[in-house]
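To start, the structure itself, in structure tokens.
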Amino acid sequence: ALHLGHTVVLMDKWTAEVPLVGPSKPYDMAANSGKEYWLLLTLVNQFSGAIADGFEGAAEAAGVKGVVFDGKGTVNEWNKGLNQAVAQGADGIILWGIPPELVQEGLDAAVAAGIPVIDSVNGSVDDPLQAGVLAHVDVNAYEWGDALANWMLAESNCQANVGVVWPPAFGGLDKIANQTR
1 ALHLGHTVVL
11 MDKWTAEVPL
21 VGPSKPYDMA
31 ANSGKEYWLL
41 LTLVNQFSGA
51 IADGFEGAAE
61 AAGVKGVVFD
71 GKGTVNEWNK
81 GLNQAVAQGA
91 DGIILWGIPP
101 ELVQEGLDAA
111 VAAGIPVIDS
121 VNGSVDDPLQ
131 AGVLAHVDVN
141 AYEWGDALAN
151 WMLAESNCQA
161 NVGVVWPPAF
171 GGLDKIANQT
181 R
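The letter at position 86 of the sequence shown is residue 86 when you use my numbering, and the numbering goes up by one with no holes.
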């Protein structure tokens, strides 16, 4: 059983500064000057808005154009965003929480145009790649779920009465919501 002291210690792990891990060799970002990268969000909310802000800040620091597309939580908008990125000649596309199998036509168009697509926060890095997806990038959903549970316990003095609601389309959230100790 967890107790508040244990939960606070666990929260220290999640609030500590994270060391920067980067490439082992210097990378010349100037070679990417003028390129355009798209981040297609499932929808914009407080959490994904912070992701978008970080993406835009990183793009600016790298000297590239970062375009954020709000998928508004619908498959139609996700497809619209992916097709728009392809039509505008994006140099790379990130699907954030968008199940690749629901945008296969756009993925096929990206492949035909030579545009790499990365799937993010949508399952496991060990899942097979959907046709048209170059790579999965994800968090450790089990650890993330553990951190969220401990945060709720710490904030409520171990009196949390919690329900979890999430859209089933997001594979990664299944792991977070079902985290148990």
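By construction, the Cβ of each residue, glycine as well, lies at the ideal position given by its N, Cα and C atoms.
Same chain, Cβ closer than 6 Å to residue i, five either side skipped, listed in chain order
| i | result |
| --- | --- |
| R181 | Because the pLDDT of R181 is 44, which lies under 50, any placement of that residue in the model is unreliable, and the question is left without a value. |
| S24 | none |
| L129 | none |
8 Å Cβ shell around residue i - same chain, five flanking residues per side excluded
| i | result |
| --- | --- |
| A62 | M29 and N32 |
| Q84 | F69 |
Nearest candidate by alpha-carbon position, reference residue i, set the options
| i | options | result |
| --- | --- | --- |
| A110 | W96, Q88 and V121 | Q88 |
| E60 | T74, W38 and G73 | W38 |
| G73 | G97, V86, I115 and T15 | G97 |
Secondary structure of residue i, DSSP reduced to three states
| i | result |
| --- | --- |
| G49 | helix |
| T180 | Since pLDDT at T180 reaches only 47, below the 50 mark, its modelled position is unreliable, and the value read off the structure follows with that caveat. Three-state DSSP puts T180 in coil, outside helix and strand. |
| L2 | Unreliable placement is indicated for L2, whose pLDDT of 49 sits below 50; the coordinate value is still reported in the next sentence. L2 falls in the coil class under three-state DSSP. |
| G215 | As shown, the chain starts at 1 and ends at 181. That puts residue 215 outside it, with no answer to give. |
| L39 | strand |
| K25 | coil |
| G54 | helix |
| G132 | coil |
| D119 | strand |
| G81 | helix |
| G66 | strand |
Nearest-angstrom Cβ-Cβ length linking residue i and residue j, presumed shorter than 8 Å
| i | j | result |
| --- | --- | --- |
| A52 | L41 | 6 Å |
| I115 | G81 | Their Cβ separation, rounded to whole angstroms, is 13 Å, which puts I115 and G81 out of contact at 8 Å. |
Own chain, CB closer than 7 Å to residue i, minus 5 neighbours either side, in chain order
| i | result |
| --- | --- |
| F55 | L39, G66 and V68 |
| W78 | L40, G71, I98, L102 and V103 |
3 or more residues per run - each beta strand (DSSP E) lying fully within the segment 83 to 117 = 92 to 96
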